[in-house]
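Colleague: In this note's numbering, the protein residues as written are 18 to 490.
(1) Have a look at 472, 31 and 208 and flag the residue whose alpha-carbon is nearest the alpha-carbon of residue 100.
(2) Report yes if the CB atom of residue 491 is closer than 9 Å to the CB atom of residue 401, and no otherwise.
(3) Given residue 496, which residues of its chain have a CB within under 7 Å of its CB, disregarding the five upstream and five downstream residues?
(4) So, using beta-carbon positions, are residue 189 and residue 232 closer together than 9 Å?
(5) Give the straight-line distance between the Cα atoms of residue 315 and residue 303, rounded to the nearest whole angstrom.
(6) Within 10 Å of its beta-carbon, does residue 397 have 16 or more other beta-carbons around it, so buried, or fewer, so exposed?
(7) Under three-state DSSP, which class holds residue 170?
(8) If you draw a straight line from the alpha carbon of residue 202 to that of residue 61, how long is it in whole angstroms?
(9) Can you check which of these residues, 225, 226, 247 and 186, is closest to residue 235 by C-alpha distance?
(10) Suppose you measure from the CA of residue 175 to the CA of residue 160; what does that come to, to the nearest Å?
(11) Under 8 Å by Cβ, that's how I've got residue 346 and residue 373 pegged, so tell me the actual separation to the nearest angstrom.
(12) What's the gap between the Cα of residue 142 and the Cα of residue 360?
(13) Check this for me: beta carbons of residue 215 and residue 193, under 9 Å apart or not?
(14) On the CB-based measure, 16 or more other CB atoms within 10 Å of its CB, does residue 113 come out buried or exposed?
(15) For residue 475, which residues from the same chain have a beta carbon less than 8 Å from its beta carbon, with the 5 sequence-adjacent residues on both sides left out?
(16) Output needed for residue 210: all residues of its chain with C-beta closer than 7 Å, excluding positions within five of it in sequence on either side, in chain order.
(17) Helix, strand or coil for residue 185 per DSSP?
(18) Mapping the DSSP letters down to three states, classify residue 469 as helix, strand or coil.
(19) Is DSSP giving residue 361 helix, strand or coil here?
(20) To the nearest angstrom, how far is it from the Cα of residue 444 to the Cα of residue 375?
(21) Smallest Cα separation from residue 167: which of 59, 40, 417 and 452?
(22) Cβ atoms of residue 115 and residue 184: under 9 Å apart, would you say?
(23) Nearest to residue 102 by CA position, among 149, 423 and 121, is which residue?
(24) Among the candidates 332, 257 and 221, whose CA atom is the shortest distance from the CA of residue 228?
(25) How many angstroms separate the CA atom of residue 251 from the CA atom of residue 196?
(26) Where do the N-terminal and C-terminal ends of the alpha helix (DSSP H) with residue 125 fall, by residue?
(27) Using a threshold of 9 Å, state whether the C-beta atoms of residue 107 and residue 145 are closer than that.
(28) May I ask you to report which of helix, strand or coil DSSP gives residue 399?
(29) Please name the residue in 97, 98 and 127 whose C-alpha comes closest to that of residue 51.
(30) For residue 120, count neighbouring Cβ atoms within 10 angstroms of its own Cβ and tell me buried if that reaches 16, exposed if not.
(31) Within a Cβ cutoff of 7 Å, which residues of the same chain sit near residue 419, ignoring the five residues on either side of it in sequence?
(32) Would you report the Cα separation of residue 473 and residue 461, rounded to the nearest angstrom?
(33) Who does residue 485 pair with in a DSSP beta bridge?
(34) Residue 164 bridges to which residues according to DSSP?
(35) Check whether the Cβ atoms of residue 137 and residue 56 sit closer than 9 Å, and answer yes or no.
(36) For a test of the three-state rule: what should DSSP assign to residue 61, helix, strand or coil?
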């Protein structure tokens, strides 16, 4: 068992009239007053973890062994046991309401759940200490159990396993209750409550839900992956996606940053959006780092356009998806006259992704000396500087294999042999290599250094790129 470590109790004082208010509610229940009193009492007791609260393992151990209730006497003579007793009386009132007036119970729960904020439920202990709330949300869960000291985790379980398991689950199956869950999933201040409401909708079924396009757009605009997934599922299961206008579909596409790209991809297939989708949005989807499925979908719609509008390729050169990036550079290679234009060549030299660098290195191989870009390469200072920067990035790119980085160094060697006056740029490339930890590349750099001494483009110095030349001879 962890060693106890006392800390100041986090207990707010209770109003002096709590018991009077509770007796009045027992005589005549009022939903708003009951919700307010339940939330007040839920925040009145906060247990604390035994041991060091900074210990990551301690935060997960919210069972009876790891939790303790501070023994500080509360204001107004309301001790911990009294507060637990009051919490239980409130929960008995809600149980009675569920039995006698089911819809009033659901309405009261909505008022109650709208009162909790992320600050109120900032960690697992705060959630379990919210006695009434945990009954409402997870009463039937096997992950938690209610003990004499409050809610605790069941042995071997974790809070991350909590799913939709409310008290009186049957009361949440009515059409009115679904509307309550839909409102909570969008407007509840606490993410715990929003997640619970979304799980409830997914469990009970979304087909009968009456949601508007404006409400779904609002979910997407929150830029929350959970909310966006829910909106996508509603679009699919209610068949609303197939009835959206082009304008509505494009507005919904603002949520393309959803974590689960496959769900959104299913929506896009249903939406009547393709004739109206902007090229800019397709380009953004291709470049979206985690969303391979969406990138594929967008690239298929751009592929035919780029054959007639090659300028679209320039913004996609650094696509993070290897297969798509390879296809993009394949389209670039189809027309050597187009990519030999000076401005476009500068953009090709500025690529940063591994696949794009490999493609550009292949355009720079010495065997292609008859291609039009050779005149550009040996041209003005800006192009020369961009070329050397490209080689420096290539030899220093951690995502490239050794043989590819050696290829970049060989190209730089070929260049300095043709233009010995650019030896300072070659020295900068070699300094990067010698400062790195890749032994094979460093050894190859020493061979290049020895070649420079032998060929005469390194002369009149005892040290080059931080390496003594005696060692290379």
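Even glycine gets a Cβ: it sits at the ideal position worked out from N, Cα and C.
Only a predicted model underlies this, so the values are computations on that prediction, with no experimental measurement involved.
Modeller: With the structure as the only source:
(1) When only C-alpha atoms are compared, the closest one is 31.
(2) With the chain covering 18 to 490 only, the question about residue 491 has no answer from this structure.
(3) The displayed coordinates of the chain run from 18 to 490. Any statement about residue 496 would go beyond what the structure contains.
(4) Cβ distance not < 9 Å, so residue 189 and residue 232 don't count as in contact.
(5) The alpha-carbon atoms of residue 315 and residue 303 are separated by roughly 6 Å.
(6) Exposed: under 16 other Cβ atoms inside 10 Å.
(7) Residue state, collapsed to three classes: strand.
(8) Their Cα atoms are separated by approximately 26 Å.
(9) Looking at the Cα atoms, 247 is the closest of the given residues.
(10) Residue 175 and residue 160: Cα-Cα distance of roughly 7 Å.
(11) Between residue 346 and residue 373, the beta carbon gap of about 7 Å places them in contact (Cβ cut-off 8 Å).
(12) Straight-line Cα distance between these residues: approximately 60 Å.
(13) The Cβ atoms of residue 215 and residue 193 do not sit closer than 9 Å to each other.
(14) That one is exposed.
(15) Around residue 475: 440, 466, 469, 481 and 486.
(16) Taken in chain order, the residues that qualify are 130, 133 and 201.
(17) DSSP places residue 185 outside both helix and strand once states are collapsed to three, so it counts as coil.
(18) In the three-state scheme derived from DSSP, where H, G and I count as helix and E and B as strand, residue 469 is classed as helix.
(19) Helix.
(20) Between residue 444 and residue 375, the C-alpha separation is close to 22 Å.
(21) Taking only the C-alpha atoms, the option nearest residue 167 is 59.
(22) Contact flag set, yes.
(23) Nearest of 149, 423 and 121 to residue 102, Cα basis: 149.
(24) Nearest option by C-alpha distance: 257.
(25) When rounded, the distance between both Cα atoms is 13 Å.
(26) Residue 125 -> alpha helix (DSSP H) spans 119–130.
(27) In this structure, residue 145 does not lie closer than 9 Å to residue 107 by Cβ.
(28) For residue 399, the secondary structure class from DSSP, reduced to helix, strand or coil, is helix.
(29) If we check each option's Cα against that of residue 51, 127 comes out closest.
(30) Flag for residue 120 reads exposed.
(31) Excluding five sequence positions before and after residue 419, the CB atoms of its chain that fall closer than 7 Å to its own CB belong to 455, 457 and 458, given in chain order.
(32) Going from the Cα of residue 473 to the Cα of residue 461 covers about 18 Å.
(33) Answer is 480.
(34) 167.
(35) Closer than 9 Å, so yes.
(36) Correct three-state label for residue 61: coil.
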